[in-house]
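The sequence shown begins at 30 in our numbering and counts up one residue at a time.
Each residue gets a CB set at the ideal place from its N, CA and C atoms; glycine is no exception.
Note that this is a predicted model, so its numbers are computed, not measured.
One structure is given below, encoded as structure tokens.
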Amino acid sequence: MSEKIALIGAGAMGGAIGQRFLETGNGLRVFDLNEDAMAALVEKGGVATGSAAEAATGVDFVIVSLNSSRIVELAAFGENGISAGASEGTVIIDMSSIEPDATRRLSKMAFERGLAWVDSPLSGGAPKALTGELTLMAGGDAQDVERAHRALQHVASNYTHMGPSGAGQTTKLINQVLCGLGFLAVAEATQLALDAGVDAEKIPQALKGGRADSALLQEYLPRFATKDYRRTGRIDNMVKDLNAVNDLARQTGTSMPMTALCAEIHRMLTAAGLGGEDQAAVMEFFKGAKEEISA
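Here it is in structure tokens:
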């Protein structure tokens, strides 16, 4: 069944989500401050609009894919924002990665305006969005989460209602703890393999099915070994998420020493000018450490 969907934010992630919606036969209205990003989706059948309010007019679902809670709030409730154009009962689905506290506040603002808010951050990146295989963790009212699935089924193969508003974002932070630490572990192991003279590119096959196997190992170890830094995500986005994890850990009194170290390494990479690079560029940390030791 095709749906009428608005997309606010057509960057690398939002653009992939929008492309998938179009390829699966949905109507798509798009707004992004970057006209080139909108044009890429217009070429595939999307309709460009002049504001978030215009994009949200006459649709059942508004997908938001932006970089921070401040930008999400402006897009939703600022001048010419989503709430200015959306009809009562429209479901706003925030697929951004933002703080759980901010999500709960935005959900309340939406409710006061007669709108539904579902936080549904993702895992899998642009490649999985294009094949409809994203993993989504959703927070919000059960009925709203079920309604949102009508649209999200086109981009996701795994969709789980985690609890009330903010629960999806909290689950995404847990995901980022596992991913952030996982990236560093795989990169560190790759550097050891390279230094020890083992054919690193054979390791994913050698370890497949064993306890050390993982999606990160299979996808990223070959990229680490060959310094393949084609961008499917950004190091500075991981910094943002790990900072949010550390804030949540302080609120809950949770001790997370490994995550704190992981966040610091990612901040160091960003300070070194690699914030805009793909997560695969964490290899530069281990390369740099080896060069310092050698010197």
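Do residue i and residue j have their C-beta atoms within less than 8 Å of each other?
{"i": "G154", "j": "T261", "result": "yes"}
{"i": "Q205", "j": "D270", "result": "yes"}
{"i": "A39", "j": "A66", "result": "yes"}
{"i": "V101", "j": "S126", "result": "no"}
{"i": "E306", "j": "I264", "result": "yes"}
{"i": "R179", "j": "E32", "result": "yes"}
{"i": "S112", "j": "R142", "result": "yes"}
{"i": "L57", "j": "L36", "result": "yes"}
{"i": "A289", "j": "E128", "result": "no"}
{"i": "N166", "j": "G211", "result": "The question names Asn, but residue 166 is Met in the sequence shown. In this structure, G211 does not lie closer than 8 Å to M166 by Cβ."}
{"i": "G43", "j": "T86", "result": "no"}
{"i": "D123", "j": "V93", "result": "yes"}
Can you name the start and end residues of the alpha helix (DSSP H) that residue i belongs to?
{"i": "Y249", "result": "244-255"}
{"i": "R142", "result": "From DSSP, R142 is part of no alpha helix (DSSP H); its letter is neither H nor E."}
{"i": "A167", "result": "Unbroken run through A167 is the beta strand (DSSP E), 163-168; no alpha helix (DSSP H)."}
{"i": "L303", "result": "Per DSSP, L303 belongs to no alpha helix (DSSP H) and is neither H nor E."}
{"i": "V174", "result": "171-181"}
{"i": "I127", "result": "That residue, I127, is in no alpha helix (DSSP H); it is neither H nor E in DSSP."}
{"i": "A113", "result": "111-114"}
To the nearest whole angstrom, what separates the beta carbons of residue i and residue j, a pair I think is in contact under 8 Å?
{"i": "F140", "j": "V120", "result": "Contact doesn't hold; Cβ gap of about 12 Å is too wide."}
{"i": "K201", "j": "P150", "result": "4 Å"}
{"i": "G161", "j": "D148", "result": "In fact, because the Cβ distance is near 20 Å, the residues do not count as touching under 8 Å."}
{"i": "L246", "j": "V215", "result": "6 Å"}
{"i": "M312", "j": "F253", "result": "5 Å"}
{"i": "A309", "j": "D224", "result": "18 Å between Cβ atoms; not a contact."}
{"i": "S136", "j": "S98", "result": "Contact flag wrong, Cβ pair sits at about 12 Å."}
{"i": "G267", "j": "G192", "result": "For the sequence presented, residue 267 should be read as Met rather than Gly. Contact flag wrong, Cβ pair sits at about 24 Å."}
{"i": "L163", "j": "Q48", "result": "Contact flag wrong, Cβ pair sits at about 13 Å."}
{"i": "M287", "j": "A278", "result": "Actually they are not in contact, since the Cβ atoms of M287 and A278 sit about 11 Å apart, beyond 8 Å."}
{"i": "F50", "j": "V184", "result": "7 Å"}
{"i": "L95", "j": "A104", "result": "6 Å"}
{"i": "L213", "j": "C291", "result": "6 Å"}
Have a look at the DSSP bridge pairing and note the partners of residue i.
{"i": "K157", "result": "BP columns for K157 are empty, so no partner."}
{"i": "F60", "result": "I37"}
{"i": "F90", "result": "I34, V120"}
{"i": "N272", "result": "Answer by DSSP bridge pairing: none, since N272 is not bridged."}
{"i": "A77", "result": "V59"}
{"i": "G239", "result": "DSSP lists no partner for G239."}
{"i": "S149", "result": "According to DSSP, S149 bridges with nothing at all."}
Hey, quick one: how far does the beta strand (DSSP E) through residue i stretch, first residue to last?
{"i": "L95", "result": "From DSSP, L95 is part of no beta strand (DSSP E); its letter is neither H nor E."}
{"i": "N204", "result": "Taken as a continuous stretch (DSSP letters only), N204 belongs to no beta strand (DSSP E), being part of the alpha helix (DSSP H) at 196-225."}
{"i": "M191", "result": "185-192"}
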